[in-house]
Amino acid sequence: MSKKSNLVILRQAGSTQDEAYKIALDGAPEGVAVITTNQTYGRGRTGRSWISPPGKNLALSLILRPQCYPEKAPLYGLMASVAAASAVEHFTGRVAHLKWPNDVLIEGKKIAGVLSQARIRGSLIEFLIIGLGLNINCTESDFPNELRKTRTSMFELTSRTFDIIEVGETFISDLKELYIGCCLGEFRHVLDLWSEKWIHKGFVVERDGIRGIAEGIDDSGALEVRRNDGSLVKISSGEINFSE
Ligand code: BTN
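Numbered continuously in the numbering used here, the sequence shown closes out at residue 273.
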């Protein structure tokens, strides 16, 4: 990936994820990012929608072509959440934490989410679209009622407004530093950085009949849960509720 950012800035988009996917199919090189502050049909993980008030937040989808096996895809999602946490910390001066797999939290409230989509060709990833939704200049009242208690923004944390494109460029630059190592197969650094920021170690996890204590992530990025009987279960995708 070249050092220079290669941004496609749209006044409005249904989903930057879809726009980036289309141009990646047409051969856009890695490092190209589609950005908008007006995303009307944002998509979140596990089929949810991603709500972003017009003009206030960042919706960014970055094309990567890591030339590796599909099993590695989740690691690039972890990489992106580490880069997002780092960008948020840079601008707000606050400590960001991570929720497995890709949420960025400050003081327990979600400030950013990552959606990573892979297109597979043969046995390899043809491209990855890393989607970042980051709450920048919105206020609590910009969110629908049901989200107000669980969301925050850079403005809410600092009472300052930020240049949305500059924040996007900082995210891409932070991500590039990590991406170089990942492309060389060195995921340990990302896994360590992610684990340092993970906030739910030791929390109780309950899902689909699995109940246990969240212990960590393995080398593939799967969540490791220790059951009462001592057995270790791995969860590789989906949404998890953590409780103390
Ligand atoms: C999540 O936490 O559920 C992930 C949210 C990802 C939202 C971003 S905004 C940019 C890109 N375009 C989309 O439609 N979704 C991602």
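Just so it is clear, CB atoms sit at the ideal spot from N, CA and C, and this is done for glycine as well. The model shown is predicted, which means the values in this text are computed figures rather than measured ones.
Query                                                                                                                                                          : Result
Are the CB atoms of Ala-141 and Ala-113 nearer to each other than 7 Å?                                                                                         : yes
Are there three or more Cβ pairs, one per stretch, closer than 8 Å when the stretch 203-219 is compared with the stretch 98-112?                               : yes
With the cut-off set at 7 Å, would you say Phe-271 and His-229 are in Cβ contact?                                                                              : yes
Short of 7 Å in beta carbon distance, which residues of its chain neighbour Pro-130, apart from the five on each side in sequence? Order them along the chain. : Pro-103, Gly-106, Leu-107 and Gly-250
What is the rounded straight-line gap between the Cα of Leu-176 and the Cα of Trp-79?                                                                          : 11 Å
In this structure, does DSSP put Arg-74 in helix, strand or coil?                                                                                              : helix
Provide the residue span of the beta strand (DSSP E) that contains Arg-217, from first to last.                                                                : Taken as a continuous stretch (DSSP letters only), Arg-217 belongs to no beta strand (DSSP E), being part of the alpha helix (DSSP H) at 217-226.
Hey, how far is the Cα of Asn-174 from the Cα of Arg-180?                                                                                                      : 11 Å
Helix, strand or coil: how does DSSP classify Ile-52 here?                                                                                                     : helix
Report all residues from its chain with a CB closer than 7 Å to the CB of Ser-115; omit the five preceding and five following residues, and keep chain order.  : Asp-203
Should Gln-46 be counted as a contact of the ligand BTN given a C-beta to heavy atom distance under 6 Å?                                                       : yes
Going by the CB atoms, is the gap between Leu-36 and Ala-62 shorter than 7 Å?                                                                                  : yes
Look up Ala-109 in the DSSP assignment and say whether it is helix, strand or coil.                                                                            : helix
Using the Cα positions of Thr-121 and Asp-258, report the straight-line distance between them to the nearest angstrom.                                         : 43 Å
Would you mind sorting Val-124 into buried or exposed? The rule is 16 or more other CB atoms within 10 Å of its CB.                                            : exposed
Quick one: what's got a C-beta closer than 6 Å to Ser-265's C-beta in the same chain, skipping five residues either side?                                      : Ala-251
How about Ala-113: is its Cβ closer than 6 Å to a heavy atom in the ligand SAM?                                                                                : Absence of the ligand SAM from the depicted structure is noted, with the ligand BTN being the only ligands included.
Please determine if the stretch 154-169 and the stretch 39-51 are in contact, where contact requires at least 3 C-beta pairs separated by less than 8 Å.       : yes
Near Glu-302, which residues of its chain fall below 6 Å by C-beta distance, leaving aside the five closest residues on each side in sequence?                 : The requested residue 302 is not part of the displayed model; the chain covers only 30 to 273.
Taking three-plus beta-carbon pairs below 8 Å as touching, is the stretch 57-75 in contact with the stretch 132-152?                                           : yes
Rank Ile-64, Gln-68 and Asn-166 by C-alpha distance to the C-alpha of Glu-185 and give the top, closest one.                                                   : Asn-166
Would you mind reading off the limits of the beta strand (DSSP E) that contains Leu-213?                                                                       : Run containing Leu-213: none; DSSP gives neither H nor E here.
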